[in-house]
Amino acid sequence: ALGRATRRVQWLCCGESPRQLHLTPDAVCVADAAVCVFVWVGRAATEEDETLAMSLAHLYTQSAEPAMQVSHVLDGAEPDEFRRIFHGWLVAGRYTDEHDRRRDKLR
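Heads up, our numbering is the position in the sequence shown plus 146, with the first residue counted as 1.
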């Protein structure tokens, strides 16, 4: 869920591999990792967006077979299970490849 009157929900893992640059400090992102659903909360995200994303993640997992767990993940405290779904996760900082960033802006 993205706040500040932009797109309210951002789903990761829908057709392409998620990328660390999608995780911005003001965002709340939902990532389907096949065995569980992660709700990642950026450090500047609103509580309203966090609550919305958690509710959507729980609704999403209710229809899953077998049942899936929803895991709450905080910016800067990402567990290994979450980081593994991102190719080339950088622990020290955000992914900052300028070519990828420009390509994403064009989409």
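Note that the Cβ used here is the ideal one computed from N, Cα and C, for glycine as well.
Residues of its chain near residue i, where Cβ-Cβ distance is below 6 Å and the 5 sequence neighbours each way are ignored
i: ASP221; result: GLY188, ARG189
i: MET200; result: VAL185
Whole-number beta carbon distance between residue j and residue i, since they are thought to touch under 8 Å
i: CYS182; j: GLN215; result: 4 Å
i: ALA191; j: ASP172; result: 6 Å
i: LEU202; j: VAL176; result: 6 Å
Distance between residue j and residue i (C-alpha atoms, nearest Å)
i: THR342; j: PHE228; result: Because residue 342 is not part of the residues shown, which for the chain are 147 to 253, the question remains open.
i: ALA223; j: PRO212; result: 27 Å
i: GLU193; j: ALA180; result: 26 Å
i: LEU205; j: SER217; result: 13 Å
i: GLN166; j: LEU252; result: 18 Å
Exposure of residue i, with buried meaning 16 or more beta-carbon neighbours within 10 Å
i: VAL237; result: exposed
i: PRO277; result: No information on residue 277 is available, as it lies outside the stretch 147 to 253 that the chain covers here.
i: LEU169; result: buried
i: GLY234; result: exposed
i: GLY239; result: A caution first: GLY239 carries a pLDDT of 49, below 50, which makes its placement in the model too unreliable to give a value.
Close-in-space but distant-in-sequence residues of the same chain around residue i (CB under 7 Å, 5 per side omitted)
i: PRO164; result: LEU158, ALA177, ILE231, PHE232
Residue i Cβ short of 6 Å to the ligand COA heavy atom set
i: ARG189; result: For the structure depicted, the ligand COA is absent and the ligand set is empty, with no information on it obtainable.
Alpha helix (DSSP H) runs contained entirely in the segment 177-229, provided each spans 4 or more residues: 193-208, 226-229
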